[in-house]
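Its first residue numbered 13, the sequence shown is counted upward by one per residue in the working numbering.
Structure first, commentary second.
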Amino acid sequence: MKKASFALLYGTAIAACYLLSPETGLADDFAACPDHFQGGSAPQITRDAMSRDTFPLCYQGFAVLYSGVSYTPLWSAEHLTEEHVDAASAIRRVNAFHPESNIPDEFRSELSDYTRTGYDRGHMTPSGDEWTREAQQETYTLANMIPQNPDNNRNLWEGIEASIRELAEDDGELYVVTGPVFTKKLHAGRLLVPTMIFKAVYDPSQHKAAAYLVANGPGRAWTQVPIPYLVTLSGVNPFPTLPDEETNNELPLPWPKPHGDRHGIQPGQVSPDNGGIPGETSGKKEEDLQSADLKGSGRSPASTIASGETEAKYGAILLMADIMKKEAKKEFLRLGKSALDYVQKHYQSGASIFHNPTSKE
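Next up, the structure:
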């Protein structure tokens with residue numbers, strides 16, 4: 013494999029990540045860091061209400077779209093290469109969590125927001141991916157953090173991050189977009205707590221893409237979902253310029269190997285009902301969290317979403333019915349093959365926690 017020049021990697025530090033505007037002192041868009049995105053285009057928010065009070069942020073090794081509604085990122089994107097992973101492994105991790113000074117005070121998450129909540133400050137783009145000390149320290153901005161269940165953050169999620177680095181070393185480069193999924197209004201103070209977390213991966217060498225999906229709770233359950241499904245569920249299109257044939261060409265994701273687990277964790281069952289759970293403050297037992305509504309095959313093509321096989325293979329009908337208003341469930345289950353069209357038509361009105369300010373709901 014042809015490797016990029018280390019001179020380019022280390023000599024091209026981004027000196028100014030923000031195109032200043034008089035209103036916010038922030039970038040109007042991501043023009044300063046197109047290299048972080050597949051095709052040079054930032055992930056797209058597909059629900060208008062989620063775009064309210066958002067702030068684009070460019071960093072040396074990643075980019076974030078931060079929400080002043082949830083006080084978390086909506087996504088964090090990076091271009092992960094073999095060279096980055098090799099160099100990052102030699103850098104000692106230094107925890108230096110800090111508020112993002114480029115976000116206005118009234119929208120900025122603070123260290124105190126996480127105090128005594130039972131949640132970790134969970135990285136979306138991990139520090140272990142960054143290949144310079146400066147880039148690593150930038151990942152500790154709170155703009156890159158979500159309130160994450162400690163067991164999830166330190167075990168299953170650590171295994172997913174490690175597996176992605178291993179895949180980047182094997183295949184040369186990956187485009188990765190990570191973010192929260194909000195299916196309920198769960199708050200820890202000002203912070204909105206995600207019930208699920210995704211990590212979308214595009215592998216240029218294979219011309220394929222897919223996403224990990226986990227509940228933000230304890231346990232080892234994860235599933236693989238195709239990109240069209242993720243877009244419908246999360247309201248985020250991680251790779252908007254990717255051709256349809258590659259978007260629908262599902263990448264076999266490596267099984268997570270937390271802390272060097274030899275065999276890895278096979279795909280299992282995931283439900284938003286098992287997410288949003290804090291640490292020691294939760295009374296739920298881990299074994300109670302193994303029941304689920306979403307059964308992930310980890311390999312089924314995206315076309316099964318719109319087929320009669322959906323319920324058996326992805327459980328999309330069960331998951332989306334649970335997320336939407338309860339009264340829609342019977343009709344949703346009855347629709348069968350047209351379930352995806354129904355989701356696309358009705359999902360916003362029934363599921364998004366980013367309600368339109370003018371809505372009567």
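All residues carry an ideal CB built from backbone N, CA and C; glycine is no exception.
So, with DSSP's three-state summary, where would you put residue i?
{"i": "asparagine 249", "result": "strand"}
{"i": "aspartate 132", "result": "strand"}
{"i": "leucine 263", "result": "coil"}
{"i": "phenylalanine 119", "result": "helix"}
{"i": "glycine 201", "result": "coil"}
{"i": "leucine 225", "result": "strand"}
{"i": "threonine 66", "result": "strand"}
{"i": "glutamate 142", "result": "coil"}
{"i": "alanine 174", "result": "helix"}
{"i": "histidine 48", "result": "helix"}
{"i": "glycine 280", "result": "coil"}
{"i": "proline 238", "result": "coil"}
{"i": "lysine 168", "result": "Checking the sequence shown, residue 168 turns out to be leucine, not lysine. The answer is helix: DSSP assigns leucine 168 an H, G or I state."}
Measuring only the C-alpha atoms, how far is residue i from residue j?
{"i": "alanine 99", "j": "threonine 153", "result": "21 Å"}
{"i": "asparagine 107", "j": "serine 113", "result": "18 Å"}
{"i": "alanine 147", "j": "phenylalanine 42", "result": "17 Å"}
{"i": "threonine 90", "j": "aspartate 273", "result": "A small correction: the amino acid at residue 90 is glutamate; threonine does not occupy that position in the sequence shown. Distance between the alpha carbons of glutamate 90 and aspartate 273 is about 25 Å."}
{"i": "asparagine 156", "j": "leucine 123", "result": "13 Å"}
{"i": "glutamate 95", "j": "alanine 44", "result": "22 Å"}
{"i": "alanine 363", "j": "isoleucine 239", "result": "Only weak support is given to the placement of alanine 363: the predicted model assigns it a pLDDT of 42, under 50, and the value that follows is read from those uncertain coordinates. Looking at the two C-alpha atoms, the distance is approximately 19 Å."}
{"i": "asparagine 165", "j": "arginine 104", "result": "19 Å"}
{"i": "glutamate 142", "j": "glycine 201", "result": "31 Å"}
{"i": "proline 270", "j": "aspartate 40", "result": "38 Å"}
{"i": "leucine 69", "j": "aspartate 285", "result": "31 Å"}
{"i": "glutamate 118", "j": "isoleucine 57", "result": "22 Å"}
{"i": "serine 245", "j": "alanine 223", "result": "At residue 245 the sequence reads leucine, which differs from the serine that was named. Answer to the nearest angstrom: the Cα atoms are 12 Å apart."}
Could you tell me whether any non-hydrogen atom of the ligand MN is closer than 8 Å to the CB of residue i?
{"i": "serine 88", "result": "The model depicted lacks the ligand MN and carries no ligand whatsoever."}
Beta-carbon within less than 6 Å of residue i's beta-carbon, same chain only, minus the 5 sequence neighbours each way: which residues are those?
{"i": "isoleucine 158", "result": "Thr84, Gly134, Pro192, Pro206"}
{"i": "aspartate 163", "result": "Pro230"}
{"i": "leucine 203", "result": "Tyr83, Asp125, Pro159"}
{"i": "proline 250", "result": "Pro55, Val189, Ala212"}
{"i": "leucine 179", "result": "Pro266"}
Considering only their Cβ atoms, is the gap separating residue j from residue i smaller than 9 Å?
{"i": "methionine 208", "j": "alanine 221", "result": "no"}
{"i": "tyrosine 187", "j": "glutamine 50", "result": "yes"}
{"i": "glycine 80", "j": "aspartate 65", "result": "yes"}
{"i": "glycine 288", "j": "leucine 198", "result": "yes"}
{"i": "glutamate 150", "j": "phenylalanine 67", "result": "no"}
{"i": "leucine 86", "j": "valine 243", "result": "no"}
{"i": "arginine 177", "j": "valine 76", "result": "no"}
{"i": "glutamate 185", "j": "proline 216", "result": "yes"}
{"i": "proline 279", "j": "asparagine 161", "result": "no"}
Grab me the residues of residue i's own chain with a C-beta within less than 7 Å of its C-beta, minus the 5 sequence neighbours each way, in chain order.
{"i": "histidine 219", "result": "Glu258, Asn261"}
{"i": "threonine 268", "result": "Reading the sequence as shown, one finds proline at residue 268 and not threonine. Correct list, in chain order: Leu168, Gly171, Ile172, Ser175, Trp234, Gly276, Ile277."}
{"i": "glutamate 292", "result": "Gly130"}
So residue i and residue j are in contact, right, with Cβ under 8 Å, and what is the actual spacing, rounded?
{"i": "glutamine 236", "j": "leucine 265", "result": "5 Å"}
{"i": "methionine 136", "j": "serine 88", "result": "4 Å"}
{"i": "serine 101", "j": "proline 111", "result": "Contact doesn't hold; Cβ gap of about 29 Å is too wide."}
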